[in-house]
Amino acid sequence: MPPPSSSQTLSGLRLLPEDRLALSVQVGRPSPARAAAAEKPPTTVSPPPPPPPRRPPSRRRSSGGGGRGPWRTVFSWGLTALIWFGIGLGGVIAYYGYDLPDLDSLTATLRKPSITLLSTDGQTIAAYGDVYGEAVVLKDIPSSLPGAVIATEDRHFYSHFGLDLIGLARAALVNLRAGHVVQGGSTITQQLAKNLFLTSERSLKRKVQELLMALWLERKFTKEQILTLYLNRVYLGSGSWGVDAAAKRYFNQPARTLNLYQSALLAGLLKAPSRYNPQNDRELSAKRTAQVLANMVAAGMISQAEADQAMQSGPKTVKQISHTGRYFADWIHDQVEHYAGEDRDIVVQTTLDLNLQRKLETEMDAILSGPGAKAGVTQGAMVVLSPDGAVRAMVGGRDYASSQFNRAVQSYRQPGSSFKAFLYLAAVEAGWDEADSIEDSPITAGKYHPENYTGKYEGIMTLRQALAKSSNVAAVRLIEAVGPKKVANVARRLGITSVLRPDASLALGTSEVSLLELTSAYASFANHGSGVFAHGFASIQDSRGEMIFQREGGGAGRVIEPHALGEMRDMLQAVVEDGTGKAAAIDRPVAGKTGTTQDYRDAWFIGYSADYVGGVWFGNDDGTPMHKITGGGLPTRLWHNVMLAAHKGLPARPLPGAEDAAPESELQPGAPADESPESIWNGLVRMLGG
């Protein structure tokens, strides 16, 4: 067997690179020894060992470079990213979801307690706070109600998973074209989720939580359950939560009896409850309702004929809000609000006579729209009290809808000569008699130069005549004799709480007071000499009928001695019979005092009978003068008209005097003239809940 060639020998060996290098040198340049050996006869040589078995070739496609393919790399990176995304998403859910509302929040509410005010005959005057109706279920309400809501708020409600991607895309496109937000894409489920949170926080965290809650609601409840929860929790304006409360608020009927128009109106409120409130803007509400009906037609829920029919008859069913007694209601609400706890609704039995209130409002409007308008009078106020201080009627301005400022309570104006009642009472208590003489002639008190309104002076006259004719110079002489501090103390004793300047000008009513406190002070003359607290409610109960507050008589005690009461009755009665207040006279004995301030800026009349006390003010909010309007003009005319209605059916009775004064008791002292009455009179008012 011939010896193997060098190529054969090399091909059968697995050599290291350095071995290959060495062999290549040896093969290329044979050494002399090797050449000599080649000339010798051949010898037998053992064959080399067989090569190791070769590994079968891999079936994987080669990338040309021998590494992993690009698709494997992409897959690997994608899988890694997906894992990290899942971890991150889980972290976000854990972070934002740990304080999500629980199931209890589906029935929990955060609301203002409701306060309902009733008139003396049990009619509702006003309701404050949030009101919830009965819980409704879909099968018990007309299909038009949920249909209107779905057609307007979430047309894909039954097909989405809580998030309407198509709706979001459409809303985004519409908003992009408009350049601002004109359309939202939130679903009913998302709106319910938002409603479950008991605060209105606006943050990224809250948005994420609302989205998570919406997805959870869709998984936990059926569509019918979600819609039912939504209809019972949604806010629909005017303090009404849920469709049943709204139906009672706007239509005075339960949700189960709503017609097509009413259902569409409520659905239209969802976008902007205050703006589309039918009691605020009936025309705008009707336009919004028409749009909801058009949505229902487009969704195939109703026909165009049904929509047209609904628009023709529907608006008449809307209950218009009444502003009767609203000035009074606001005044009472501020006093009773603290009786309502965080979760306690209350019902307040007020002292308001609704029929008398309507009469007062009608007469006030007639005067301000007629003779008042011609004389430049833009505002007026009046309060009517029982002799015990119970407020029976109150008007605080021309129009509550345009101005809620209560001029009977919140406005402080100079009372003019109507303040003279306290001056003459102080004089009687100091020993003067109504028949005593006083001079009616020009006088100078320091830098003060008072004049009579008429510019005329009558010389010597009695106190009775001086008060009846409202002599200013006689009043200044009288206060100099009695003392300003004495007059201020008498006024405080009868209930004046405003700051009084104890100087000569006090005789002419230069210190500002409110109409209510002045009228309440005059009530002491009608209440047999006992002081009163003006009050507007008799009792308060919670929604279960439990009595929270019950007024039980009481008052300021005797503030006028019997003799002084009789003297004041005679002098104040002369004002109406023979003096500046003649226009106030009615079919029975009455007494009172007119008041007019400088340049006709204010006109007053405060008067009383055996059954009622009434105070009237006319003027302008900015203090501009009226055109020659005095206390003996428009104020006495309004007082006359209202009091005729108030006394209808009542027997005529004499005015209280010395012979029928309250039982003898110690005269209650007034606050010192330089002491603020806040801690005395107002403190008692707050203590007694009035």
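In this note's numbering, each number is its position in the sequence shown, counted from 1, plus 2.
From the three backbone atoms N, C-alpha and C, an ideal C-beta is built for every residue, glycine too.
Spatial neighbours of residue i in its chain, beta-carbon cut-off 8 Å, leaving aside the 5 residues before and after
i, result
"Ala493", "Phe421, Phe424, Leu502, Ala523 and Gly672"
"Asn622", "Gly378, Val379, Thr380, Gln381, Arg603 and Met628"
"Gly461", "Glu441, Asp442 and Ser443"
"Ala129", "Ser116, Ile117, Thr118, Leu119 and Gly241"
"Glu226", "Leu140"
"Gly583", "Val577, Gly594, Lys595, Thr596, Phe607, Gly609, Gly633, Gly634 and Thr638"
Beta strand (DSSP E) segment containing residue i, residue limits
i, result
"Thr598", "Ala593 to Thr598"
"Gly616", "Val615 to Gly621"
"Val489", "From DSSP, Val489 is part of no beta strand (DSSP E) but of the alpha helix (DSSP H) over Pro486 to Leu496."
"Ile542", "Phe539 to Asp544"
"Thr464", "Gly461 to Thr464"
"Met549", "Met549 to Gln552"
"Ile608", "Asp604 to Tyr610"
"Tyr252", "Run containing Tyr252: none in the beta strand (DSSP E); it sits in the alpha helix (DSSP H), Val245 to Phe253."
"Thr126", "Thr126 to Tyr130"
"Ile117", "Ile117 to Leu120"
Cβ-based neighbour list, residue i, same chain, cut-off 6 Å, excluding 5 preceding and 5 following
i, result
"Arg36", "Legend: pLDDT at Arg36 = 43, less than 50; position of this residue unreliable, no value from coordinates given."
"Arg466", "Glu436, Met573 and Ala576"
"Asp156", "Thr189 and Ile190"
"Val350", "Leu119, Val338, Phe539 and Ile542"
Start and end residues, alpha helix (DSSP H) containing residue i
i, result
"Gly149", "Ser146 to Glu155"
"Asp336", "Arg328 to Val338"
"Thr352", "No alpha helix (DSSP H) contains Thr352, which is instead part of the beta strand (DSSP E) from Ile348 to Thr352."
"Gln227", "Lys225 to Arg235"
"Ala266", "Leu262 to Leu271"
"Tyr524", "Leu517 to Ala528"
"Ile190", "Ile190 to Leu198"
"His642", "Leu636 to Ala648"
"Asp123", "Per DSSP, Asp123 belongs to no alpha helix (DSSP H) and is neither H nor E."
"Asn279", "It is not in any alpha helix (DSSP H) - Asn279 carries neither H nor E in the DSSP assignment."
"Asn297", "Arg284 to Ala300"
"Ile369", "Leu356 to Ser371"
"Thr570", "The residue you asked about is not Thr; residue 570 is Met in the sequence shown. It spans Pro564 to Asp580 - the alpha helix (DSSP H) in which Met570 sits, taken as one unbroken run."
"Met313", "Gln306 to Ser315"
Residue i beta carbon near the ligand NAD (any heavy atom closer than 7 Å)
i, result
"Phe424", "Among the components of this structure there are no ligands whatsoever, and the ligand NAD is therefore not found."
Whole-angstrom distance between residue j and residue i, CA atom to CA atom
i, j, result
"Pro444", "Met628", "26 Å"
"Gln281", "Asp401", "16 Å"
"Gln600", "Ala647", "32 Å"
"Ser419", "Asp613", "24 Å"
"Ser388", "Ala525", "8 Å"
"Tyr160", "Gly399", "52 Å"
"Thr154", "Asp166", "14 Å"
"Glu680", "Val393", "Only weak support is given to the placement of Glu680: the predicted model assigns it a pLDDT of 34, under 50, and the value that follows is read from those uncertain coordinates. If I take the Cα positions, the gap works out to 21 Å."
"Leu217", "Ser413", "55 Å"
"Ser287", "Ala410", "34 Å"
"Ala476", "Glu344", "57 Å"
"Val397", "Ser371", "15 Å"
"Thr259", "Asp132", "22 Å"
"Gln554", "Gly448", "It should be pointed out that residue 554 corresponds to Glu in this sequence rather than to Gln. Rounded to the nearest angstrom, the two C-alpha atoms are 49 Å apart."
"Glu579", "Ala593", "8 Å"
"Ala468", "Leu496", "22 Å"
"His158", "Tyr237", "22 Å"
"Thr499", "Leu652", "33 Å"
"Gly586", "Asn491", "Note that residue 586 is Ala in the sequence shown here, rather than Gly. If I take the Cα positions, the gap works out to 29 Å."
"Gly80", "Lys209", "29 Å"
"Thr230", "Ile542", "35 Å"
"Phe253", "Lys273", "19 Å"
"Thr446", "Met645", "40 Å"
"Arg62", "Thr82", "With a pLDDT of 48 at Arg62, under the threshold of 50, the modelled position of this residue cannot be trusted; read the value that follows with caution. Going by the C-alpha atoms only, they are around 24 Å apart."
Same chain only: Cβ atoms within 7 Å of residue i, ignoring 5 sequence neighbours per side
i, result
"Val430", "Ala566, Glu569 and Met570"
"Leu640", "Glu365, Met366, Ile369, Met384 and Val618"
"Ile631", "Ala377, Val379, Tyr602, Ala605 and Phe620"
"Ala137", "Asn234"
"Gly485", "none"
"Arg290", "Gly270 and Tyr278"
"Thr464", "Glu436, Ala437, Asp438 and Ser439"
Short CB-CB distance (under 8 Å) between residue i and chain D
i, result
"Ser388", "Looking at the structure shown, chain D is missing, and only one protein chain is on hand."
Spell out a yes or no on whether the segment 288-297 and the segment 262-269 are touching, meaning 3 or more CB-CB pairs, one atom from each, closer than 8 Å.
Yes, since at least three Cβ pairs between the segment 288-297 and the segment 262-269 fall closer than 8 Å, the two stretches touch.
Say whether the segment 349-357 touches the segment 326-334, bearing in mind that this needs 3 or more beta-carbon pairs closer than 8 Å, one atom from each stretch.
By the C-beta criterion, the segment 349-357 is judged to be in contact with the segment 326-334, since at least 3 inter-stretch pairs fall below 8 Å.
Length-filtered (4 minimum) alpha helix (DSSP H) runs lying within the segment 382-451
Entirely contained in the segment 382-451, the alpha helix (DSSP H) runs reaching 4 residues are, in chain order, 422-431.
With a threshold of 8 Å, are at least 3 pairs of Cβ atoms found where one atom belongs to the segment 652-661 and the other to the segment 394-413?
Touching, no, given that fewer than three Cβ pairs across the two stretches are closer than 8 Å.
Give a yes or no on contact between the segment 141-152 and the segment 237-244, applying the rule of three or more CB pairs nearer than 8 Å.
At 8 Å Cβ cutoff, the stretches do not touch.
Does the segment 116-128 come into contact with the segment 334-342, if we say contact requires no fewer than three beta-carbon pairs (one atom in each stretch) closer than 8 Å?
With a cut-off of 8 Å on Cβ pairs, the segment 116-128 is in contact with the segment 334-342, counting three or more such pairs.
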